[in-house]
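Scroll down for the structure; my scribbles are underneath it.
Numbering (my numbering), first residue to last: 884 to 1103.
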């Protein structure tokens, strides 16, 4: 590191210069972060938002959001809940971390993971809230799809019946003995323990045995 850099670090920083540096750092954050950053007053009106938040709102300049509220961008369902959360945060002085479903009047719902904290001045007076939200829409959609598939699988499994193990069957009449000791017709037993359904017919061998004069080739 150069001697000049060491001197710059050792040199006391005045309040104006310190304020300028803080402004640069904040502006860099608000311009470059992909997350949605916003400051609101005690009435939940926007004081300042990041460029990412402005793009989400369809604004060309973050300053266009100043003085507006969530009701200007979201449906009442989400805007009302956000307002109530922010009022609670200021009243209790406790931060809130929550996954929010954002409902829009002109596009599909989105999801964000949000942290909001209260803002106070040095005297302890409420100034508003500060929030930062990260888009988790794709993750929530994947979770919903997974839950749907699991539900479908469970439903399918609940309807599937299987036959397994050793089945006692009569060598003469072919009836099956159930676990209670009763003998059942094979179609009745299989139908009760599986999804199979039976339709009755007569095989060619039995046709010749039962109806020796019946000609299968001619149909009569």
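Built from N, CA and C at the ideal position, the CB exists for glycine as well.
Computed from a predicted model, the values in this text were never measured in an experiment.
Check your understanding: Based on the DSSP secondary-structure assignment, which residues constitute the bridge partners of residue 951?
Key -> Paired residues: none, contrary to the question.
Practice item. Ignore the nearest five residues each way along the sequence and tell me which others in residue 884's own chain have a CB closer than 7 Å to its CB. Key: Legend: pLDDT at residue 884 = 49, less than 50; position of this residue unreliable, value from coordinates given subsequently. Hits under 7 Å: none found.
Exercise for review: Just mark residue 959 as buried or exposed, buried being the case when its beta carbon has 16 or more other beta carbons within 10 Å.
Suggested key: By the neighbour-count rule (16 or more Cβ atoms within 10 Å), residue 959 is not buried but exposed.
Check your understanding: Where does residue 907 fall in DSSP's three states?
Key -> Residue 907: helix per DSSP, three-state reduction.
**Study point:** Beta-carbon proximity list for residue 910, same chain, < 7 Å, skipping 5 on both sides
**Key:** So the list is empty, once near-sequence residues are dropped.
Review point. What's the C-alpha gap between residue 932 and residue 1033?
Key: So the alpha carbons of these two residues sit roughly 40 Å apart.
Practice item. Could you check which residue in 995, 1090 and 977 has the C-alpha nearest to that of residue 984? Key: It is 995 whose Cα lies nearest to the Cα of residue 984.
Check your understanding: Who are the Cβ neighbours of residue 916 in its own chain at under 7 Å, not counting the five residues just before and after it?
Key -> The beta carbon of residue 916 sits closer than 7 Å to the beta carbons of 933 and 935 from its chain, once the five residues preceding and following it are set aside; these are given in chain order.
Practice item. Please state whether DSSP places residue 1018 in a helix, a strand or coil. Key: DSSP places residue 1018 within a strand segment (E or B) once states are collapsed to three.
Check your understanding: In its own chain, which residues sit with a C-beta less than 7 Å from the C-beta of residue 1064, not counting the 5 before and 5 after it?
Key -> Cβ within range, chain order: n/a, list empty.
Practice item. Using the Cα positions of residue 1054 and residue 1039, report the straight-line distance between them to the nearest angstrom. Key: Residue 1054 and residue 1039: Cα-Cα distance of roughly 35 Å.
Check your understanding: In this structure, does DSSP put residue 1001 in helix, strand or coil?
Key -> In this structure, residue 1001 counts as strand in the three-state DSSP scheme.
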